[in-house]
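S.K.: Final position of the sequence shown in my numbering is 481; the numbers increase by one with none missing.
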Amino acid sequence: MKINNGRKMELGANWIHGVLGNPIYELASANGLVDIIQENKPHNVFAALPDGKRVSFSILQEIYDAYFWFFKRCEEYFLCKYLPPDGIDGVGQHINLEISLYLQQYPPHERDVRHKIFNYLLNRETCISGCNSMDEIDLMEIGSYTELPGGNIQLPGGYSSILGPLTKNLPADKILKGHIVNKIRWRIASEVNDLANEESVNGEGSDSQNQSPARKQKNFVEVECENGKLFRADHVICTVPLGVLKEKGRELFEPPLPDYKLDSINRLCFGVVDKIYLEYERPFLNPEMTEIIFLWDEIDRTKPLSERWFKKIYSFTKLTETLLIGWISGEEAKYMESLSFDVVSEQCTKILRQFLNDPCVPQPKRCISTSWWLQPMTRGSYTAIAVGSSQVDITNISHPLYANPMNSKPSVLFAGEHCHPSFYSTVHGAYLTGREAAQLLCIPDTPPEVVLDVEGTADLSTWIQVS
Ligand SMILES: Cc1cc2nc3c(=O)[nH]c(=O)nc-3n(C[C@H](O)[C@H](O)[C@H](O)COP(=O)(O)OP(=O)(O)OC[C@H]3O[C@@H](n4cnc5c(N)ncnc54)[C@H](O)[C@@H]3O)c2cc1C
């Protein structure tokens, strides 16, 4: 969407995560959609305590470094298959154990600020992973996510600009918008003439008038939309998000999805991550400052969400001199979605005034927050591997459905970020699974005849004569 002097603000995906091996980057650069040279602005953070006192950069750096290694150690469980300490199965629990050991080296009065920085980093991690708390993320599986090298790249024309090259060869009338699918009936069989058989019978000179063509069963998929339209297809690639599968997966398919798929859909996490944009009339922050980090006191979770939801907002980053972005995840994000933009705007202003220790921080002229949980077409933001689930669940969901085991091609295939075992939660993961599903359908049913074409052996009769 366009705000802030026509600049595009992404409500969802913003970055191409990684360059090397990233098909979205390749597509974008082949079509001139990205600048090869990305401007890397210096990052000057202002980290403050609830009383507005600034925390020194050296302490921040120290805790960032320690946290980096705590997280790396979690990722190693996936690759090395060590066993974690007894009773520790979530990433959050493991990191918190390391934090408590780490903090022991400090006298009590020096621990508190460090603990708050660790909590901020864990909070930020929930927005990266897509969950409510890092305790929910499976320790043995966190390393399954593969980060592609090259950093994060932005599309200056907005993420939707990638749709141009992707759809340029599709006739416009073949893309139907506003068709909410209610039902996918994937085991419809109807009798068809077996044309191949009919031809061979006729070709042998038999009396085709007296022969009824062979009848064969063929499977179709019927897709029923909320607007009453019905579509018939040989194959369907289903790309509804995991959140929609969680909510409607049971009734969306007829016959219903097999239990192993439904169990995997249930086990995986589809977390809620929302953005908050604050747009101002005029600049009010120090031009050097790029991010204001909130180092909250320990959150009292016995209090109602109405009193504490905003403590999950861990920072506001400056996108321009008059535009800030904040992130929020989990239960607190869901709660925020129930509030009006005005209430969110007021609360964010209170936080900024508190941490900047400046009662003159202005009210934004506009506040826009996302509602990925309330959106019926998403019901959340992106996939994460929850405690007790694994990559196998992703593979289970992505298995295609065959109406008949004798069919060479599946009736329903699945694609989307939730179907990629190592690039889940990303656009490139979604793209790759869609491409793989389409390629499977494009493979010919009968493999092409293999013709050996070796130079000098084309005319075997000559060879026989010579010898
Ligand atoms: C706040 C946020 C920030 C993100 N940032 C990044 C980022 O920087 N980089 C990145 O790589 N990824 C990011 N992501 C994740 C990225 O957006 C997703 O991984 C990606 O969009 C997944 O694509 P998909 O095709 O699987 O699902 P979607 O993009 O959700 O597409 C699914 C489609 O199915 C449609 N649909 C749902 N139900 C039905 C139905 N019943 N009938 C018909 N249609 C239906 C939906 O309308 C939607 O169009 C972000 C996501 C969020 C929420």
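Where a beta carbon is used, it is the ideal one built from N, C-alpha and C, also for glycine.
1. Out of Ser395, Asn410, Gln405, point me to the one whose CA is closest to leucine 25's CA.
2. Any heavy atom of ligand 1 closer than 7 Å to the beta-carbon of isoleucine 516?
3. Tell me whether proline 255 counts as near ligand 1, meaning its Cβ is closer than 7 Å to at least one heavy atom of that ligand.
4. Which stretch, first to last residue, makes up the beta strand (DSSP E) that contains aspartate 288?
5. Under 7 Å: does the beta carbon of alanine 203 sit that close to some heavy atom of ligand 1?
6. Who are the Cβ neighbours of glycine 448 in its own chain at under 8 Å, not counting the five residues just before and after it?
7. Please determine, among Phe437, Phe330, Gly344, the residue with the shortest C-alpha to C-alpha distance to leucine 319.
8. Along the chain, which unbroken stretches of the alpha helix (DSSP H) at least 4 residues long are found entirely within the segment 17-50?
9. Does the Cβ-Cβ distance between proline 376 and phenylalanine 298 come in under 8 Å?
10. CB-CB under 8 Å to leucine 34, same chain, minus the five flanking residues each way: which ones, in chain order?
11. Might you give, ordered along the chain, the residues of its own chain that have their beta carbon closer than 7 Å to the beta carbon of lysine 325, omitting 5 neighbours on each side?
12. Please look up how many angstroms separate the CB atoms of isoleucine 399 and cysteine 433, rounded, as I've assumed it's under 8 Å.
13. Kindly confirm or deny that the segment 107-123 and the segment 358-370 touch, where touching means at least three C-beta pairs closer than 8 Å.
14. Please classify alanine 444 as buried or exposed, where buried requires at least 16 other C-beta atoms within 10 Å of its C-beta.
15. Counting along the chain, where does the alpha helix (DSSP H) carrying tryptophan 386 start and finish?
16. One question on the structure: do leucine 415 and leucine 454 come within less than 8 Å of each other, judged by their Cβ atoms?
17. Opposite glycine 104 in the DSSP bridges: which residues?
18. For lysine 348 versus valine 286, is the C-beta distance shorter than 8 Å?
19. According to DSSP, simplified to helix, strand and coil, what is glutamine 405?
20. Please determine whether the Cβ atom of glycine 340 lies at a distance below 7 Å from any heavy atom of ligand 2.
21. If you check the beta carbons only, do isoleucine 307 and alanine 61 fall under 8 Å apart?
22. Let me confirm a value: valine 406 is counted as buried when at least 16 other C-beta atoms fall within 10 Å, else exposed. Which label applies?
23. Starting from the C-beta of serine 214, find all residues in its chain whose C-beta is less than 6 Å away, skip the five residues before and the five after it, and write them out in chain order.
24. With a floor of 4 residues, list each alpha helix (DSSP H) that falls wholly inside the segment 57-90, ordered by position along the chain.
M.R.: With the given structure in hand:
1. Taking the sequence shown and counting its residues from 1, one reaches residue 25 at position 11. Cα-wise, what sits closest to leucine 25 is Ser395.
2. Because the chain spans 15 through 481 in this model, residue 516 falls outside it and cannot be assessed.
3. In the sequence shown, counting from the first residue as 1, residue 255 sits at position 241. The answer is yes for proline 255.
4. Your numbering for residue 288 matches position 274 in the sequence shown. Element bounds for aspartate 288: 287-293.
5. In the sequence shown, counting from the first residue as 1, residue 203 sits at position 189. Outside the cutoff, so no.
6. Sequence index remark: in the sequence shown, residue 448 carries index 434 (1-based). Within the same chain, glycine 448 has close Cβ partners Ile251, Thr253, Ala429, Gly430.
7. As a first step, residue 319 is located in the sequence shown; it is residue number 305 there, counting from the start. Checking every option, the nearest Cα to that of leucine 319 belongs to Gly344.
8. 37-44
9. Locating residue 376 in the sequence shown gives position 362, counting from the first residue. Locating residue 298 in the sequence shown gives position 284, counting from the first residue. In contact: proline 376 and phenylalanine 298 (Cβ atoms closer than 8 Å).
10. For the purposes of this step, residue 34 is identified with residue 20 of the sequence shown, where counting begins at 1. Leu162, Pro163, Gly164, listed in sequence order.
11. Sequence index remark: in the sequence shown, residue 325 carries index 311 (1-based). So the qualifying residues of the chain are Trp310, Ile313.
12. Your numbering for residue 399 matches position 385 in the sequence shown. Your numbering for residue 433 matches position 419 in the sequence shown. Between cysteine 433 and isoleucine 399 the Cβ distance is about 13 Å, and since that is not below 8 Å, they are no contact.
13. no
14. Residue 444 sits at position 430 when you count from the first residue of the sequence shown. That one is buried.
15. If you number the sequence shown from 1, residue 386 lands on position 372. Premise fails: tryptophan 386 is in no alpha helix (DSSP H) and is neither H nor E.
16. Taking the sequence shown and counting its residues from 1, the one referred to as residue 415 is at position 401. Taking the sequence shown and counting its residues from 1, the one referred to as residue 454 is at position 440. Result no, Cβ atoms of leucine 415 and leucine 454 do not sit closer than 8 Å.
17. Here residue 104 refers to the residue found at position 90 of the sequence shown. DSSP output for glycine 104 lists Asp152 as bridge partner(s).
18. Position 334 of the sequence shown, counting from 1, holds the residue named residue 348. Position 272 of the sequence shown, counting from 1, holds the residue named residue 286. Result yes, Cβ atoms of lysine 348 and valine 286 sit closer than 8 Å.
19. On the sequence shown, position 391 is the one that residue 405 refers to. In the structure shown, glutamine 405 sits in a helix (DSSP, three-state: H, G or I).
20. What this structure holds is ligand 1, not ligand 2.
21. Within the sequence shown, residue 307 is the residue found at index 293, counting from 1. Within the sequence shown, residue 61 is the residue found at index 47, counting from 1. In this structure, alanine 61 lies closer than 8 Å to isoleucine 307 by Cβ.
22. For the purposes of this step, residue 406 is taken as the residue at position 392 of the sequence shown. Looking at its Cβ environment, which holds fewer than 16 other Cβ atoms inside 10 Å, valine 406 is exposed.
23. Here residue 214 refers to the residue found at position 200 of the sequence shown. Confidence is the limiting factor: at serine 214 the pLDDT is only 38, short of 50, which leaves the residue's position unreliable, though a coordinate-based value still follows. Within the same chain, serine 214 has no close Cβ partners at all.
24. none
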